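Numbering (the working numbering), first residue to last: 9 to 108. Here a beta-carbon is modelled for each residue, glycine too, at the ideal position from N, C-alpha and C. Model, not experiment: these values are computed from the prediction. Only one structure is covered here, and it is reproduced in the block below.
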Amino acid sequence: MKTIICLIGRQNSGKTSSIREVYKSITGNYPDEEGDFNGTYQHPVFGNIGFSSWGDPGVNEEPLDEILQMNCDFVITACRSKGQTIDVVEKLANKSLVSR
Numbered sequence: 009m010k011t012i013i014c015l016i017g018r019q020n021s022g023k024t025s026s027i028r029e030v031y032k033s034i035t036g037n038y039p040d041e042e043g044d045f046n047g048t049y050q051h052p053v054f055g056n057i058g059f060s061s062w063g064d065p066g067v068n069e070e071p072l073d074e075i076l077q078m079n080c081d082f083v084i085t086a087c088r089s090k091g092q093t094i095d096v097v098e099k100l101a102n103k104s105l106v107s108r
């Protein structure tokens with residue numbers, strides 16, 4: 009079963025910074041990219057964990073879809089508190105569940 013954890017918040021509320029900290033806590037390193045990033049980590053107990061901090065309107069669909077295509081067991085992502093970005097997360101989550 010795939011689990012998607014979505015950090016929801018307003019613009020500039022620290023979503024990317026929070027996901028970067030979770031990434032560091034799990035992997036021991038910060039992601040190489042500055043700002044928004046995609047990444048995966050193979051955890052010895054929990055399996056493949058995907059990270060996608062892209063949560064802005066118009067740019068979150070492709071990065072999140074890429075992570076979901078990697079068959080991650082857990083995905084940690086971001087979106088705004090309303091509107092298009094939350095719709096994208098819901099759409100891709102449903103698509104991912106149907107395609108498995």
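**Q.** Candidates Arg18, Gly17, Gln19, Gly47: closest to Val30 by CA position
**A.** In the sequence shown, residue 30 corresponds to position 22, counting from 1. Cα-wise, what sits closest to Val30 is Gly47.
**Q.** Own chain partners of Pro71 with C-beta closer than 6 Å, once the 5 adjacent residues on each side are dropped
**A.** Counting from one through the sequence shown, the residue named residue 71 turns up at place 63. Correct list, in chain order: Asn46, Ser60, Trp62.
(Q) Assuming the contact rule is C-beta atoms closer than 8 Å, Val83 and Ile94 should be a hit. Round their C-beta distance to whole Å, please. (A) Walking along the sequence shown from the start, residue 83 turns up at place 75. Walking along the sequence shown from the start, residue 94 turns up at place 86. Between Ile94 and Val83 the Cβ distance is about 15 Å, and since that is not below 8 Å, they are no contact.
Q: State the DSSP-derived secondary structure class of Val53, mapped to helix, strand or coil.
A: Counting from 1 along the sequence shown, the entry for residue 53 is found at position 45. Correct three-state label for Val53: coil.
Q. Distance, Cα to Cα, Thr35 vs Gln50?
A. Stepping through the sequence shown from its first residue, residue 35 is reached at position 27. Stepping through the sequence shown from its first residue, residue 50 is reached at position 42. Those two C-alpha atoms are separated by around 9 Å.
**Q.** Beta-carbon proximity check, Arg88 vs Arg18, cutoff 8 Å
**A.** Looking up residue 88 in the sequence shown gives position 80. Looking up residue 18 in the sequence shown gives position 10. Yes.
Q) Between Val97 and Val53, what straight-line distance do the alpha-carbon atoms span, to the nearest angstrom? A) Counting from 1 along the sequence shown, the entry for residue 97 is found at position 89. Counting from 1 along the sequence shown, the entry for residue 53 is found at position 45. Taking the straight line from one Cα to the other gives about 26 Å.
**Q.** Cβ neighbour criterion (16 or more within 10 Å) applied to Ser104
**A.** Position 96 of the sequence shown, counted from the first residue, corresponds to residue 104. The residue in question, Ser104, is buried, as its Cβ has 16 or more Cβ neighbours within 10 Å.
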